[in-house]
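Residue numbers (my numbering), protein chains in the order written: chain A, 370 to 483; chain B, 142 to 373. Okay, so here's the structure we're looking at.
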């Protein structure tokens, strides 16, 4: 996976941090101090489709079939998360109880073309 | 998307950088609230002191290590583990006691639980944590009653009654899973715990507001997963 740099327009992972203090949420979210949201952005030309991470997926197989059978119908693929991890939160709920949970698939660790 | 153009999902890149930031922050807020099943951000009216919270988290961790170290031997049993990939999102909910009426021989504590999760989660385990004061020498009996509101009457009914022998000061735990499950099934958000001592000992608890020995209940819950199979 590639992290975005200034000059590249290819599919990459852009880092984005939401500071809970800046958005006024530090009073109800005890931990962590912010959310590393991150997202995927960039071009996915046809030759990049299926790399990295999704080579064996059902969707890649369908796309390859379309490409093989009809070149005119080929579509560009999309730059999407290929690896994600949970966000662990400790927060107050509406009844002032303290809740600890892991929200799955919230942090994008890697991006790739579908 | 047209060939050579950005994907529809990457339309964000076309926005000005300040607008992009606003969109992303709004998305982040919406995403967190929806995953926590909260319609809006909670307004915290009674924050718990840092000392109280840290003590509770340490006790939870110590108990988890104890339970992991000796499977099947902990009182109240171990938390069942789901098969990998089948488990729903898990929650640990800390509910601190609100003090109720007390006499020279008894103390009442009220716990209000989180009911945003009640309809769609199963209670795996609930444990009551109490810190006993240091009594004089010998053992001291304490009767613990878990009281639930009676749906057919204005009073409460005793759901569970247990007699404990306190031998020394320190933290003690009591499995209250059955009572909490019963509350959840009835849709009653409140559990009352009554502690009664035999006499001459006074309050069995070392507790006051802002105190790091304040009683609490830890509820472990898991989101229910649908096992329905879909054919494509």
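Note that beta-carbon positions come from the ideal geometry of N, C-alpha and C, so glycine has one too. Note that the coordinates shown come from a computational prediction; the quantities given were computed from them, not determined experimentally.
Looking at C-alpha atoms only, which residue of B/336, B/208 and B/315 is the closest neighbour of residue 284 of chain B? If you number the second chain from 1, residue 284 of chain B lands on position 143. Answer by Cα proximity: B/336.
What residues are listed by DSSP as bridge partners for residue 247 of chain B? Indexing the second chain from 1 puts residue 247 of chain B at position 106. Paired residues: B/337.
What's the gap between the Cα of residue 461 of chain A and the Cα of residue 309 of chain B? Numbered from its first residue, the first chain carries residue 461 of chain A at position 92. Numbered from its first residue, the second chain carries residue 309 of chain B at position 168. Computed Cα separation, rounded: 33 Å.
Output yes if chain A places a C-beta closer than 7 Å to the C-beta of residue 185 of chain B; else output no. In the second chain, residue 185 of chain B corresponds to position 44, counting from 1. Judged by the 7 Å Cβ criterion, residue 185 of chain B is in contact with chain A.
Looking only at its own chain, which residues have a Cβ that is under 7 Å from the Cβ of residue 381 of chain A, when we skip the five neighbours before and after it? Indexing the first chain from 1 puts residue 381 of chain A at position 12. Closer than 7 Å at the Cβ level, and outside the excluded window around residue 381 of chain A, lie 371, 372, 373, 410, 411 and 480.
Does the beta carbon of residue 174 of chain B sit closer than 7 Å to a beta carbon anywhere in chain A? Translated into the one-based positions of the second chain, residue 174 of chain B becomes position 33. By this cut-off, residue 174 of chain B is not an interface position.
Would you mind telling me which residues of chain A sit closer than 7 Å to residue 169 of chain B, beta carbon to beta carbon, in chain order? By 1-based counting over the second chain, the position of residue 169 of chain B is 28. Under the 7 Å cutoff, chain A gives 387, 404 and 406.
Taking the alpha helix (DSSP H) that residue 372 of chain A belongs to, which residues open and close that run? On the first chain, position 3 is the one that residue 372 of chain A refers to. Residue 372 of chain A -> no alpha helix (DSSP H), and no H or E assigned at all.
Nearest-angstrom Cα separation, counted from residue 316 of chain B out to residue 158 of chain B: The residue you call residue 158 of chain B lines up with position 17 of the second chain. The residue you call residue 316 of chain B lines up with position 175 of the second chain. Going from the Cα of residue 158 of chain B to the Cα of residue 316 of chain B covers about 53 Å.
With DSSP as the reference, label residue 310 of chain B as helix, strand or coil. Looking up residue 310 of chain B in the second chain gives position 169. Looking at residue 310 of chain B - three-state DSSP - the assignment turns out to be coil, as it is neither helix nor strand.
Relative to the C-alpha of residue 173 of chain B, which residue among A/475, A/464 and A/379 is closest? Locating residue 173 of chain B in the second chain gives position 32, counting from the first residue. Measuring from the Cα of residue 173 of chain B, the nearest candidate turns out to be A/475.
Whole-Å CB distance - residue 253 of chain B paired with residue 330 of chain B, under 8 Å assumed: The sequence position of residue 253 of chain B within the second chain is 112, counting from 1. The sequence position of residue 330 of chain B within the second chain is 189, counting from 1. Going by Cβ atoms, the distance from residue 253 of chain B to residue 330 of chain B rounds to 6 Å, so yes, they are a contact pair.
C-alpha distance - residue 249 of chain B paired with residue 180 of chain B, whole-angstrom precision: Translated into the one-based positions of the second chain, residue 249 of chain B becomes position 108. Translated into the one-based positions of the second chain, residue 180 of chain B becomes position 39. Using only the alpha carbons, I get a separation of about 33 Å.
When you compare the CB of residue 465 of chain A with every CB in chain B, is at least one pair closer than 7 Å? Position 96 of the first chain, counted from the start, is the residue given in the question as residue 465 of chain A. Answer yes: the Cβ-Cβ gap between residue 465 of chain A and chain B drops below 7 Å somewhere.
8 Å contact criterion, which residue 413 of chain A and residue 446 of chain A should meet: CB distance rounded: For the purposes of this step, residue 413 of chain A is taken as the residue at position 44 of the first chain. For the purposes of this step, residue 446 of chain A is taken as the residue at position 77 of the first chain. Confirmed, Cβ separation roughly 4 Å.
Mind listing the chain A neighbours of residue 232 of chain B? Cutoff is C-beta to C-beta under 8 Å, in chain order. In the second chain, the residue the question calls residue 232 of chain B occupies position 91. The answer, in chain order, is 468, 469 and 470.
At the 7 Å Cβ level, is residue 378 of chain A part of the contact set with chain B, yes or no? Position 9 of the first chain, counted from the start, is the residue given in the question as residue 378 of chain A. False, the Cβ-Cβ gap to chain B never drops below 7 Å.
Run through chain A and tell me which residues come within less than 7 Å of residue 236 of chain B, C-beta to C-beta. Along the second chain, one-based indexing puts residue 236 of chain B at 95. Within chain A, the residues near residue 236 of chain B are 466.
Please tell me whether residue 307 of chain B has its Cβ less than 7 Å away from any Cβ of chain A. The residue you call residue 307 of chain B lines up with position 166 of the second chain. It does not: the Cβ of residue 307 of chain B has no partner Cβ on chain A nearer than 7 Å.
Span of the alpha helix (DSSP H) holding residue 190 of chain B? As a first step, residue 190 of chain B is located in the second chain; it is residue number 49 there, counting from the start. Run containing residue 190 of chain B: none; DSSP gives neither H nor E here.
Under 7 Å, do residue 468 of chain A and residue 232 of chain B count as touching if we go by C-beta distance? Residue 468 of chain A sits at position 99 when you count from the first residue of the first chain. Residue 232 of chain B sits at position 91 when you count from the first residue of the second chain. A contact, by the Cβ cut-off of 7 Å.
Cβ neighbours of residue 234 of chain B in the same chain (closer than 6 Å, five flanking residues each side left out): As a position in the second chain, residue 234 of chain B is number 93, starting the count at 1. Only 255 and 360 meet the Cβ criterion.
Of all the CB atoms in chain B, is at least one closer than 7 Å to the CB of residue 521 of chain A? Residue 521 of chain A lies beyond the residue range present for chain A, which begins at 370 and ends at 483; the question has no answer from this structure.
Between residue 253 of chain B and chain A, is any beta-carbon pair separated by less than 7 Å? Residue mapping note: residue 253 of chain B aligns to position 112 of the second chain, counting from 1. Yes - at least one Cβ of chain A is within 7 Å of the one on residue 253 of chain B.
In chain B, what lies closer than 7 Å to residue 450 of chain A by C-beta? Within the first chain, the letter at position 81 stands for residue 450 of chain A. Correct list: empty, because the minimum Cβ distance to chain B is about 10 Å.
Hey, is residue 334 of chain B's beta-carbon within less than 7 Å of any beta-carbon in chain A? Counted from its first residue, the second chain places residue 334 of chain B at position 193. Judged by the 7 Å Cβ criterion, residue 334 of chain B is not in contact with chain A.
Could you give the distance in angstroms between the alpha-carbon of residue 270 of chain B and the alpha-carbon of residue 378 of chain A? Translated into the one-based positions of the second chain, residue 270 of chain B becomes position 129. Translated into the one-based positions of the first chain, residue 378 of chain A becomes position 9. So the two alpha carbons sit approximately 56 Å from each other.
On the criterion of 16 or more Cβ atoms from any shown chain inside 10 Å, does residue 267 of chain B qualify as buried, or is it exposed? Position 126 of the second chain, counted from the start, is the residue given in the question as residue 267 of chain B. Counting Cβ neighbours within 10 Å, residue 267 of chain B comes out buried, since at least 16 surround it.
Given this structure, state the Cα-to-Cα distance separating residue 184 of chain B from residue 397 of chain A, to the nearest angstrom. Along the second chain, read from residue 1 onward, the residue named residue 184 of chain B stands at position 43. Along the first chain, read from residue 1 onward, the residue named residue 397 of chain A stands at position 28. Each residue's Cα considered, the two are about 7 Å apart.
Give me the Cα-Cα distance between residue 455 of chain A and residue 470 of chain A, rounded to the nearest whole angstrom. Within the first chain, the letter at position 86 stands for residue 455 of chain A. Within the first chain, the letter at position 101 stands for residue 470 of chain A. Each residue's Cα considered, the two are about 10 Å apart.
Rounded separation between residue 332 of chain B and residue 311 of chain B - CA only: Within the second chain, the letter at position 191 stands for residue 332 of chain B. Within the second chain, the letter at position 170 stands for residue 311 of chain B. The straight-line gap from Cα to Cα measures roughly 23 Å.
Three-state secondary structure assigned by DSSP to residue 329 of chain B: Sequence index remark: in the second chain, residue 329 of chain B carries index 188 (1-based). Looking at residue 329 of chain B - three-state DSSP - the assignment turns out to be coil, as it is neither helix nor strand.
For residue 403 of chain A and residue 388 of chain A, believed in contact at Cβ under 8 Å, the rounded distance: The count along the first chain starts at 1 and reaches residue 388 of chain A at position 19. The count along the first chain starts at 1 and reaches residue 403 of chain A at position 34. Right, the Cβ-Cβ distance comes to about 4 Å (below 8 Å), so this counts as a contact.
Candidates B/352, B/236 and B/357, of which the one nearest residue 192 of chain B by Cα: Residue 192 of chain B sits at position 51 when you count from the first residue of the second chain. When each option's Cα is compared against that of residue 192 of chain B, the closest is B/352.
Which value, in whole angstroms, describes the spacing of the CA atoms of residue 395 of chain A and residue 289 of chain B? The residue labelled residue 395 of chain A in the question sits at position 26 within the first chain. The residue labelled residue 289 of chain B in the question sits at position 148 within the second chain. Taking the straight line joining both Cα atoms gives about 35 Å.
Consult DSSP for residue 358 of chain B and reduce its assignment to one of helix, strand or coil. Residue numbering aside, residue 358 of chain B sits at position 217 when the second chain is read from its first letter. Looking at residue 358 of chain B - three-state DSSP - the assignment turns out to be strand.
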